[in-house]
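Residue numbers (the numbering used here): 1 to 271.
Even for Gly, the Cβ is constructed at its ideal location relative to N, Cα and C.
All values reported here derive from a predicted model rather than from experimental measurement.
The next block holds one structure in the form of structure tokens; read it before the comments.
In structure tokens, the structure reads:
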């Protein structure tokens with residue numbers, strides 16, 4: 001699977017949502033100009049090529065630790081993310097879950113444990129940049145007008161799973177046959193622009209600062225910085241009862257130094 005991007009025409013669209021979390025409001029008309037964006041999130045194989053070429057060392061590697069999701073033994077209050085997020089020594093992009101074997105298709109999984117500066121460094125090397133929040137949301141909507149999900153109004157049309165999100169009772173129970181982790185990119189249908197994994201799997205960095213933050217339902221470890229940047233798309237940890245953010249309008253603000261097992265990115269480019 002080679003690295004590919006799609007050229008998007010730009011135009012006006014309805015950004016945000018009045019239906020869910022306060023930080024998504026209000027719905028408003030936004031516009032973007034023509035741009036290109038990666039069809040898939042940046043994969044481990046892509047990031048490995050970057051590291052091989054540049055000898056880049058990520059923030060997590062320099063710090064010696066990163067945050068890893070760990071299932072709890074039973075139900076816990078959902079307003080305390082630190083119950084399931086743990087700072088784990090040596091966790092990083094090539095060792096995302098220390099102590100566990102890498103999946104056989106690890107090269108095709110989206111890269112994680114990536115801080116904002118790491119994503120920007122890769123993007124510059126690849127000849128691109130991070131998308132703005134407006135560009136990302138325009139791309140995720142796939143040409144649909146104000147639809148709730150990237151594929152329409154139904155979460156699972158005709159019973160079909162459309163994204164890698166939590167299946168079960170978060171954060172302690174996962175339905176048999178699934179995995180509470182990332183999966184290889186491209187396993188679910190693309191949206192109307194031919195883009196994969198815009199929803200679920202990993203949250204994705206944008207270059208946009210985060211404003212109008214709401215303190216409820218944080219999906220990442222507690223933040224220490226006052227400067228937050230916008231993540232989009234939700235992740236494999238999003239669940240309807242906890243973090244219904246596997247939608248184009250959903251957004252989350254995190255510090256640029258955040259590094260976790262559910263944050264990745266994709267690049268945008270000049271046409």
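- Around the beta carbon of residue 154, fewer than 16 other beta carbons lie within 10 angstroms, which makes this residue exposed.
- Residue pairing for residue 185: DSSP places it in no beta bridge.
- Residue 58 and residue 93 do touch by the CB rule: their CB atoms are close to 6 Å apart, below 8 Å.
- Less than 8 Å divides the Cβ of residue 39 from the Cβ of residue 194.
- For residue 120, the enclosing alpha helix (DSSP H) has its first and last residue at 116 to 125.
- Across the set 245, 35, 74, the C-alpha of 245 shows the shortest separation from the C-alpha of residue 199.
- Going by DSSP, residue 63 is part of the alpha helix (DSSP H) stretching over 59 to 63.
- Each residue's CA atom was taken as its position, placing residue 62 and residue 157 some 44 Å apart.
- Nearest in C-alpha terms to residue 70, of all of 174, 3, 234, is 174.
- With respect to residue 247, residue 170 sits apart: the two C-beta atoms are not nearer than 8 Å.
- For residue 45, the enclosing alpha helix (DSSP H) stretches over residues 44 to 54.
- When only Cα atoms are considered, residue 79 and residue 88 end up about 21 Å apart.
- Contact between the stretch 123 to 139 and the stretch 18 to 28 is absent, with fewer than three C-beta pairs closer than 8 Å.
- In this structure, DSSP gives residue 34 a state outside helix and strand, which the three-state scheme calls coil.
- Each residue's CA atom was taken as its position, placing residue 249 and residue 116 some 21 Å apart.
- The C-beta distance from residue 11 to residue 35 rounds to 11 Å, too long to fall under 8 Å, and the pair is not in contact.
- Here the C-alpha atom of residue 118 lies approximately 12 Å from the C-alpha atom of residue 206.
- Annotation for residue 147: no beta strand (DSSP E) segment contains it, and DSSP assigns it neither H nor E.
- Less than 8 Å separates the beta-carbon of residue 72 from that of residue 172.
- Assignment of residue 106 by DSSP, reduced to helix, strand and coil, places it in the helix class.
- Taking 8 Å as the cut-off, the beta carbon of residue 265 is found closer than this to the beta carbon of residue 41.
- Under the three-state reduction of DSSP output, residue 79 falls in the coil class, being neither helix nor strand.
- Sequence-distant partners of residue 140 (beyond 5 residues in either direction) whose C-beta falls short of 6 Å from its own C-beta, in its chain, are 150, 198, 248.
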